[in-house]
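Residues in the sequence shown are numbered consecutively from 0, following numbering that gives the first Met the number 0.
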Amino acid sequence: MTEDLSPAERYAAARARATDEATDLAAFRAMYAFELDPFQIEACQALESGRGVLVAAPTGSGKTIVGEFAVHLALQQGRKCFYTTPIKALSNQKYTDLVKRYGADKVGLLTGDNSVNSEAPVVVMTTEVLRNMLYAGSQSLLGLGYVVMDEVHYLSDRFRGAVWEEVIIHLPESVTLVSLSATVSNAEEFGDWLDTVRGDTAVIVSEERPVPLWQHVLAGRRMYDLFEEKSDHGGRGSARREVNPDLVRLARMESQRTYNPRDRRRGKMIREADRERERRSRGRIWTPARPEVIERLDAEGLLPAITFIFSRAGCEAAVQQCLYAGLRLNDDAARLRVREIVEERTAAIPAEDLHVLGYYEWLEGLERGIAAHHAGMLPTFKEVVEELFVQGLVKAVFATETLALGINMPARSVVLEKLVKWNGEQHADITPGEYTQLTGRAGRRGIDVEGHAVVLWQRAMDPTGLAGLAGTRTYPLRSSFRPSYNMAVNLVQQFGRHRSRELLETSFAQFQADRSVVGISRQVQKNEEGLSGYREGMTCHLGDFEEYAQLRRELKDRETELAKQGATQRRAAAAGSLERLKPGDVIHVPTGKFAGLALVLDPGIPAGRSPGHHGHRSFESHDGPRPLVLTAERQVKRLASIDFPVPVEPLDRMRIPKSFNPRSPQSRRDLASALRTKAGHIVPERHRKDRSAAADDREIARLRAELRAHPCHGCDEREDHARWAERYHRLQRDTRQLEHRIEGRTNTIARTFDRIVALLTEMDYLRGDEVTEHGRRLARLYGELDLLASECLRDRVWEGLNPAELAACASALVYEARQADDAVPPKVPAGPAKTALGDMVRIWGRLDALEEDFKINQAEGVGQREPDLGFAWAVYQWASGKGLDEVLREAEMPAGDFVRWSKQVIDVLGQIAAAAPGENSTVARNARRAVDALLRGVVAYSSVG
0 MTEDLSPAER YAAARARATD EATDLAAFRA MYAFELDPFQ IEACQALESG RGVLVAAPTG
60 SGKTIVGEFA VHLALQQGRK CFYTTPIKAL SNQKYTDLVK RYGADKVGLL TGDNSVNSEA
120 PVVVMTTEVL RNMLYAGSQS LLGLGYVVMD EVHYLSDRFR GAVWEEVIIH LPESVTLVSL
180 SATVSNAEEF GDWLDTVRGD TAVIVSEERP VPLWQHVLAG RRMYDLFEEK SDHGGRGSAR
240 REVNPDLVRL ARMESQRTYN PRDRRRGKMI READRERERR SRGRIWTPAR PEVIERLDAE
300 GLLPAITFIF SRAGCEAAVQ QCLYAGLRLN DDAARLRVRE IVEERTAAIP AEDLHVLGYY
360 EWLEGLERGI AAHHAGMLPT FKEVVEELFV QGLVKAVFAT ETLALGINMP ARSVVLEKLV
420 KWNGEQHADI TPGEYTQLTG RAGRRGIDVE GHAVVLWQRA MDPTGLAGLA GTRTYPLRSS
480 FRPSYNMAVN LVQQFGRHRS RELLETSFAQ FQADRSVVGI SRQVQKNEEG LSGYREGMTC
540 HLGDFEEYAQ LRRELKDRET ELAKQGATQR RAAAAGSLER LKPGDVIHVP TGKFAGLALV
600 LDPGIPAGRS PGHHGHRSFE SHDGPRPLVL TAERQVKRLA SIDFPVPVEP LDRMRIPKSF
660 NPRSPQSRRD LASALRTKAG HIVPERHRKD RSAAADDREI ARLRAELRAH PCHGCDERED
720 HARWAERYHR LQRDTRQLEH RIEGRTNTIA RTFDRIVALL TEMDYLRGDE VTEHGRRLAR
780 LYGELDLLAS ECLRDRVWEG LNPAELAACA SALVYEARQA DDAVPPKVPA GPAKTALGDM
840 VRIWGRLDAL EEDFKINQAE GVGQREPDLG FAWAVYQWAS GKGLDEVLRE AEMPAGDFVR
900 WSKQVIDVLG QIAAAAPGEN STVARNARRA VDALLRGVVA YSSVG
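Put into structure tokens, the structure is as follows:
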């Protein structure tokens, strides 16, 4: 109350208000109809004072306000602001928002496939575009005052994260950086690094969700709260959250269930009374069907909702299930409005493509207020779903986790069907960070009083484990930064080798590695203290027990070595037997998932390699021959050497019909039936074990004699001493490993850079600090297979190809199949394109061998993966003018994937056009023509304007 203040205090308050009203922040706050939160004000004040800022706050908390204030400051100061986002959809969304606020003349957009008003004072762009501008020394960087990096936690991304660090390191010192991140548990560490590389940086962390989140489990007909509040000391103490005991009881009851229709107890079926009791308990707990879940949420007023299903097919199936169940969430007025918006947004799509794209089924779902959202959908369709959801015209969305990455689609409720997802290699539990990211969508600021996260009951669910997942906020930011070939030549071109090495040492990856060394050093000191104690425990009065323990270890090591040699010989014999196999051989697979009778369709020996020859590695030969077989159970599988621990000999031979198609179930069934008839009665011979090599080994005999002759051999406490000696040896080995880790973590990034530079020097891309003509070409090629693309240009592999053939070759540089298909090689265009694709694979093989020589390891995220030819036919057909129906049918690919990969091919063709030699070359001209040929129909639909 001002009347309670003294005159001096009132004067000071008036001065403070006047000062505050004169700031840019005051003018900025007046533009919004709501009050800013304390963390937003703190970040904006730091920004206005000239400091960089890192803001880490939950999804939906409004951290982009800070980014928009940077835009405001840049316009007020007559400087430029670049607003970067990780994905094009986010860039498009932010561009639209800023145009509404500042006008189309002041805002531009730059993504891989869109360029709108690129010289505007405010430009929204994907992070890769800014990285490329920095390396090219673009004139657009002149006058740049602020860079906003939205979703900066993307720098943890294994494939693209390095781009964020490159931008942060290479931005001019005069640029103020605004980093916006999801809640991470090591924001202070990241802030310390930003302080080091960017100067004074304020770290603002907000853990508070703008809308409270309630956690539930839906089991059967009942919605259980995950937590219940309990207060200490009879209600007088502070409240604490505990797992709902009803859920714990439910889980216990389910785990005790024994009923199974096939079970027998003492030879009789379980009594009818037991079955009745079982039916009653099962009636209380089941996983509700998808339409049931939506109906339940609708009845409780918890729509709109996003249901996360970790499968594209699952999302589409969920929509169909809701339609079949007769679910309608929209009234007539809403349905008409939906149709109006959809027809307006899809007017540019040719009528003949609508059926191919599943338009009418999609529209029916939208009119009922139900939709899917995943990467396999056409971008236009996804954007319409997002727009309708925000307007409240779609109330139930079934989405994959990609929706959680920044798109502005808040809901009242979020539903998780399962807590397990496929991570590309295996089914794994979702992490606390992923759970927080997914459930962060629940609760719309300014609309909902509270948000709701609902997990569906699943068999063997552990409520305590779920509570741990929901209550943990550990989401550490881990650098994925690794030098690449393109990065190396660009750095050397700008700064020279020595300065480039120093710059890489300032990366967040090296910063984290250096910090971790401190803890390891402490552990080494503790280990050394432990070693002196163990040394005392193994002291023997009869002699040098350390010497005796060494003899025991040598004996054990020799025995292990001989055992390994025996295993190697058995593997070599097995590999030799595999190399002798021919198509039509009937074999018995000794072990593994596909053990039993099998027919060899293809021996799996690389082309140009005869049996017994061990030449250049290829994908078949990393692990020896990999025969493709048809099992007696009708499965076509490519086996590996692990399936053949012993040599295999053909049991018989069969003719494989020319008409046999491994993709046809009928074809597999007929041939498998013939296989069982022909050889089902043959019993394979058992493999006899050879005599152990240790029995005749002179070294083992010598070591055993020395052991018996050693004075410590006769000690009564010999085994006690030996236990202490073993502990001493193990701790000593662990200590050496820790010391090795310290050496390995010091200068790791720079050492990788040195190996890359050495390889590029060998290939004449670099000569000391000079970048050669080949190096300058590589500097214009960005992407995972940058060096392969450069070598193809250097060897003139693509000369003479027409535009469609060149597009097919370019696809191999970007495409990666979601799942490998071993059964059938991918279809590729015949003629010159097929020859060029074969040359690309051979060049990759040469680079792969060279990388091995220079110890450049793909497992560490550095190096060239094998080109994937799986998209070559589809993109060739499209560039040749074929219709969408035909292309998608032959490619067996969703429209959204086709569009996304086509746009990536267009992007790499643009790079090839820029990097290809101008004189006596057709490549640059045909690359531009290929871009024009691809940019039609669904691929050409622009997301903006």
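Glycine included, every Cβ here is placed at the ideal spot set by N, Cα and C. If you're wondering where the values come from, they're calculated on a predicted model, not measured in any experiment.
Item	Value
So the alpha helix (DSSP H) residue 559 belongs to, where does it begin and stop?	544-578
Which value, in whole angstroms, describes the spacing of the CA atoms of residue 886 and residue 23?	55 angstroms
Hey, residue 370 and residue 454: beta-carbon distance below 8 angstroms or not?	no
Judging by CA-CA distance, which residue of 43, 156, 322 is the nearest neighbour of residue 508?	156
Report, in whole angstroms, the separation of the C-beta atoms of residue 920 and residue 798, which I expect to be a contact under 8 angstroms.	7 angstroms
What number of angstroms, rounded off, separates the C-alpha of residue 956 from the C-alpha of residue 736?	One cannot answer for residue 956 here, as it falls past the ends of the chain, which runs 0 to 944.
Taking the CB atoms as reference points, tell me whether residue 573 and residue 629 lie closer together than 8 angstroms.	no
Please determine if the segment 865-876 and the segment 890-904 are in contact, where contact requires at least 3 C-beta pairs separated by less than 8 angstroms.	yes
Let me know the secondary structure DSSP gives residue 816 once reduced to three states.	coil
Based on the DSSP output, what are the partners of residue 770 in its beta bridges?	765
Closest by CA to residue 968, which one among 673, 634, 653?	It is not possible to answer for residue 968, since the shown part of the chain is limited to 0 through 944.
According to the neighbour-count rule (16 or more other Cβ atoms, all chains shown, within 10 Å of its Cβ), is residue 682 buried or exposed?	exposed
Who are residue 226's beta bridge partners in DSSP?	242
In terms of residues, what are the limits of the alpha helix (DSSP H) holding residue 189?	186-197
What three-state label does DSSP hand residue 751 in the structure shown?	helix
State yes or no: is the C-beta of residue 121 within less than 8 angstroms of the C-beta of residue 82?	yes
Quick check on residue 329: does DSSP put it in helix, strand or coil?	coil
Identify every run of the beta strand (DSSP E) within the segment 284-325, keeping only runs that are complete inside it and at least 3 residues long; order them along the chain.	304-307
Determine the DSSP secondary structure at residue 119, reduced to helix, strand or coil.	coil
Between the segment 26-33 and the segment 172-181, do three or more beta carbon pairs fall short of 8 angstroms?	no
If you count every other CB in all the chains shown that lies within 10 Å of the CB of residue 850, and 16 or more means buried, which is it?	buried
Let me check understanding here. Comparing Cα to Cα, which of 189, 226, 483 lies closest to residue 752?	483
What is the DSSP secondary structure of residue 369, reduced to helix, strand or coil?	strand
Suppose only complete runs of 3+ residues qualify. What are the beta strand (DSSP E) ranges in the segment 82-118, listed by chain order?	106-110, 113-115
What three-state label does DSSP hand residue 144 in the structure shown?	strand
From 51, 731, 64, 153, pick the residue whose C-alpha is nearest to that of residue 529; which is it?	731
For my contact list, residue 304 and residue 147 are in at a C-beta cut-off of 8 angstroms; report their separation, rounded to the angstrom.	Not a contact, Cβ separation roughly 31 angstroms.
Go ahead and label residue 499 buried or exposed: buried means 16 or more other beta carbons lie within 10 angstroms of its beta carbon, across all protein chains shown.	buried
Here's the rule: buried if 16 or more other CB atoms are within 10 angstroms of the residue's CB, otherwise exposed. What is residue 603?	buried
How far does the alpha helix (DSSP H) with residue 630 in it reach, from first residue to last?	No alpha helix (DSSP H) holds residue 630; the beta strand (DSSP E) holding it covers 627-630.
Could you check what DSSP says for residue 215 in three-state terms: helix, strand or coil?	strand
Classify residue 871 as helix, strand or coil using the three-state DSSP reduction.	helix
For residue 390, count neighbouring C-beta atoms within 10 Å of its own C-beta (all shown protein chains included) and say buried if the count is 16 or more, exposed if not.	exposed
On the premise that residue 875 lies in contact with residue 815, defined as a C-beta separation below 8 angstroms, what is that separation, rounded to the nearest angstrom?	So it is not a contact: roughly 18 angstroms between Cβ atoms.
Return the chain-ordered ranges of every beta strand (DSSP E) run that is complete within the segment 818-848 and spans a minimum of 3 residues.	none
Can you check which of these residues, 476, 337, 336, is closest to residue 163 by C-alpha distance?	476
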